[in-house]
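Enquirer:
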Amino acid sequence: MMNSNRAKIRWGFILFFIPVFLWLFLLFVLPHLELLRMSFLGTDYYGKSGFTLDNYAAFFKEPVYWLTFVRTAGYSIIITLIVLIIALPVAFYITKVVGVRAKGLLTLIIIVPFWVSVLIRVYGWMIILRESGIINQILVGIGLWKVPKEMLYTDASLIVALVHTNLLFMLLPIIGVMDSLDDSLIEAASNLGATKLIIWWKIIIPHCMTGIMSGSIIVFMLVAGSYITPSLMGGKNSLWFTQQIYNQFIIAFNWNQGAAFGFLLLFISSIIVWLSLKITGQRLSEVVK
Amino acid sequence: MIRTLPNSKTYRIGYSVFVVVYFMFLFAPILIVCLLAFNNSNFPSLPWYGFTLDWFISKGPRRVGVFYHAMNLRAIFTSLRVALGVSVLSTFVGTCAAFLFGQEEFRFKKGLYLLMLAPMVVPGVILGISNLSFANSLGIFLEKNLGIDLRILSPGLPLVVLGQSSFITTFVALVVIAKLKKFDRGLEEAAYNLGANRLQVVWFITLRYLRPSIIGGAVVAFLLSFENFNTTLFLIGSTPTLPIALFAQIRDGGSPVVNAVSFLLVMGMTIFSLVNLYCSRATEHQ
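Chains as they are written, first to last, in this note's numbering: chain S, 19 to 307; chain P, 10 to 295.
In structure tokens:
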């Protein structure tokens, strides 16, 4: 009985394995290997193509490339921190301050806007912030400002929009772990005279660390890899690294250079994910849940 | 600090103000976009000139509403087709993956599982360029060596479907795996004992049990595909999907028609999430 069963299970295994294998190898592994190969290819003056490190060298030689890279990584970290600072009190409010009934409703309300496409939310920010936008019309209308100011296409507007579009990915994991925090721990600490700051620092944040880490990783990756928001709201001379990739691929048609940039972006985001996993001692398979 | 502890009045009020401001921040851009779809003005901005439905139903020639706007209608239709393709493909493969990782034992299972998770943490832009490069190289290779010209490998909708599926399948697989973990394998054993073979068991027992989560996965895949931009950007040919078409219009400053399209999308999403909520409540009560 057992033996015949096992033979049939292997058959099922093949049935399930082939589509998964085709998917992962044809649509993921091989494309990335091809991208890696292309990033090491280049054409010399005679039009012959061959192995070269030029594409990576260009990144370090041209300040505009690595400055964009540093800028993207730096802003992604800053935005992740801002998102975290906003998300913590909101998550606390939803899980610990309001009643149980309001909790469900509030959770629903914070999720709904995130079903709306990033494009539409960025468009909303453009309408609000631009020179002929809502804020300018109101402030000039009531006489606070004499002339309208262009608030779009600045780093500040870019940060606002990126924070807005990525908040949920921090909120949900934190709400998840904060829910499991026992209220009596906070009560006990409070009874023993701990201040709010100490309770946050010693009890709430350590308890929520897993959620904070997975939220931060997701937000960082999404921000560093975002394209819509920087290209619609960023300044003319402040590119995002994804735009450099786009420029190389679609505008300059230099796929080898673009491939090298792609790998650099992949590299920095993997390094940051790996580092934050190492620091907190977690595993990828736990975080992505 | 929490419900059970006493707080000073200023703290409570301050906290509530913070939360209210947060929710305003959350909803302001969306509400503004929706509101301006009904403004009787040729520009998507205030002041308010009065209510109009022109941007939905006007036939032109001065104002063309979204229901007569050929470019946007075509883009919506394209997106629907792509999303349908992606949800069929990724639901099939994702369900296979769920069975593979949920029920089969084999060497390197852990490694393959990590590999399956990887597409989720690779930026969409990179998935786009890697699939573009690979398809292009493969196309050149096939044409040079075998003389086959595969249209599917040049930028266009089939390539968009494949590229989007490369990461959306992972989401479907995770949804189905979560459900499969709760499955009682005793049911399968019972079917085996009654003489069913593996295929019959999968078809009549396990898939029946998984059906809600497979449908859920398909819906998630549809939505993810419908609003995907980053991966699509590199794989699209001459027929834009809705996000690509909207992006081009928004970059040029937008127009009330864009607001009207956005309003329809927001409504669609809201109704969807309410239905979704209602369904999940209903299954919980069963």
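Every residue gets a Cβ at the ideal spot worked out from N, C-alpha and C, and that includes glycine.
In its own chain, which residues sit with a C-beta less than 8 Å from the C-beta of K118(P), not counting the 5 before and 5 after it?
Expert: Excluding residues within five positions, the ones whose Cβ falls inside 8 Å are F110.
Enquirer: May I have the straight-line CA-CA distance separating T213(S) from Y111(S), to the nearest angstrom?
Expert: Their Cα atoms are separated by approximately 18 Å.
Enquirer: Quick one: what's G68(S) bridged to in DSSP?
Expert: Paired residue(s): G60(S).
Enquirer: Output yes or no for whether 9 Å exceeds the beta carbon distance between L283(S) and T260(S).
Expert: Contact: yes.
Enquirer: Can you tell me whether G229(S) is buried or exposed, with buried defined as 16 or more other CB within 10 angstroms of its CB?
Expert: Counting Cβ neighbours within 10 Å, G229(S) comes out buried, since at least 16 surround it.
Enquirer: Can you find a CB in chain S that lies within less than 9 Å of the CB of S271(P)?
Expert: Yes, S271(P) counts as interfacial toward chain S.
Enquirer: Using a Cβ cut-off of 9 Å, pull out every chain S residue sitting near R260(P), in sequence order please.
Expert: Residues of chain S passing the Cβ test: S249 and L250.
Enquirer: Rounded to the nearest angstrom, what separates D196(P) and I214(P) at their Cα positions?
Expert: The residue asked about is misnamed: residue 196(P) is Leu in this sequence, not Asp. Taking the straight line joining both Cα atoms gives about 7 Å.
Enquirer: Would a C-beta distance cut-off of 9 Å place F52(P) and F65(P) closer than the cut-off?
Expert: No, the Cβ-Cβ distance between F52(P) and F65(P) is not below 9 Å.
Enquirer: If you reduce the DSSP assignment to three classes, tell me which class V131(P) lands in.
Expert: Reduced to three states, the DSSP call for V131(P) is coil.
Enquirer: Taking C-beta to C-beta, are Q155(S) and L55(P) nearer than 9 Å?
Expert: Yes.
Enquirer: Check this for me: beta carbons of I39(P) and V134(S), under 9 Å apart or not?
Expert: Going by C-beta atoms, I39(P) is nearer than 9 Å to V134(S).
Enquirer: DSSP has F60(P) in a bridge; who is on the other side?
Expert: Looking at the DSSP assignment, F60(P) forms a beta bridge with N48(P).
Enquirer: Whole angstroms are fine: how far does the CA of T87(P) sit from the CA of L166(P)?
Expert: Approximately 8 Å, taken between the alpha carbons.
Enquirer: Starting from the beta carbon of S150(S), find every residue of chain P whose beta carbon is closer than 7 Å, and list them in chain order.
Expert: In chain order: S54.
Enquirer: Quick one, which of M227(S), K164(S) and I221(S) has its alpha-carbon nearest G194(S)'s?
Expert: Checked all of M227(S), K164(S) and I221(S); the closest Cα to G194(S) is M227(S).
Enquirer: What are the partner residues of K68(P), as DSSP defines its beta bridges?
Expert: Partner(s): V73(P).
Enquirer: With 9 Å set as the bound, which would you pick, yes or no: does the beta-carbon of S96(P) sit closer than that to a beta-carbon of chain S?
Expert: Chain S, which has no Cβ nearer than 9 Å to the Cβ of S96(P), makes this no.
Enquirer: Within the 9 Å Cβ cut-off, does L203(P) reach chain S?
Expert: With 9 Å as the cut-off, L203(P) does not count as an interface residue toward chain S.
Enquirer: Name the chain S residues whose beta carbon is nearer than 7 Å to that of F296(P)?
Expert: Because chain P here runs from 10 to 295, residue 296(P) falls outside it and cannot be looked at.
Enquirer: Does M196(S) pass the burial test, meaning 16 or more other C-beta atoms within 10 Å, or should it be called exposed?
Expert: The residue in question, M196(S), is buried, as its Cβ has 16 or more Cβ neighbours within 10 Å.
Enquirer: Between F132(S), K296(S), V88(S) and F35(S), which has its C-alpha nearest F187(S)'s C-alpha?
Expert: It is F132(S).
Enquirer: Assuming contact is defined by CB atoms lying nearer than 9 Å, are I235(S) and V291(S) in contact in what I supplied?
Expert: Contact: yes.
Enquirer: Am I right that Y245(S) and N239(P) are in contact with their C-beta atoms under 8 Å? What's the rounded C-beta distance?
Expert: About 5 Å separates the two Cβ atoms, so the contact holds.
Enquirer: Count the other C-beta atoms from every protein chain shown that fall within 10 angstroms of the C-beta of L314(S), then say buried if there are 16 or more, exposed otherwise.
Expert: Nothing in the structure corresponds to residue 314(S), since chain S is present only between 19 and 307.
Enquirer: Report, in whole angstroms, the separation of the C-beta atoms of A278(S) and S57(S), which I expect to be a contact under 8 Å.
Expert: Between S57(S) and A278(S) the Cβ distance is about 4 Å, and since that is below 8 Å, they are a contact.
Enquirer: Beta-carbon within less than 8 Å of I85(P)'s beta-carbon, same chain only, minus the 5 sequence neighbours each way: which residues are those?
Expert: Here the set comprises L251 and V270.
Enquirer: For L33(S) versus Y93(S), is the C-beta distance shorter than 9 Å?
Expert: No. Outside cutoff.
Enquirer: Under the three-state reduction of DSSP, which class applies to L189(S): helix, strand or coil?
Expert: Helix.
Enquirer: Please tell me whether F31(S) and E198(P) are closer than 9 Å, where the distance is taken between their beta carbons.
Expert: Result no, Cβ atoms of F31(S) and E198(P) do not sit closer than 9 Å.
Enquirer: Decide if the stretch 173–183 of chain P is in contact with the stretch 154–165 of chain P; the criterion is three or more beta carbon pairs, one per stretch, under 8 Å apart.
Expert: Verdict: no, contact absent.
Enquirer: Quick check on the burial criterion: 16 or more other C-beta atoms within 10 angstroms. Buried or exposed for Q209(P)?
Expert: By the neighbour-count rule (16 or more Cβ atoms within 10 Å), Q209(P) is not buried but exposed.
Enquirer: For the alpha helix (DSSP H) holding Q258(P), just list the boundary residues, first then last.
Expert: Its alpha helix (DSSP H) spans residues L251 to R260.
Enquirer: Report yes if the CB atom of L219(P) is closer than 9 Å to the CB atom of L183(P), and no otherwise.
Expert: The answer is no: Cβ separation not under 9 Å.
Enquirer: Buried or exposed, going by whether 16 or more other CB atoms sit within 10 Å of the CB of Y264(S)?
Expert: Buried is the call here.
Enquirer: According to DSSP, is N206(P) helix, strand or coil?
Expert: N206(P): coil per DSSP, three-state reduction.
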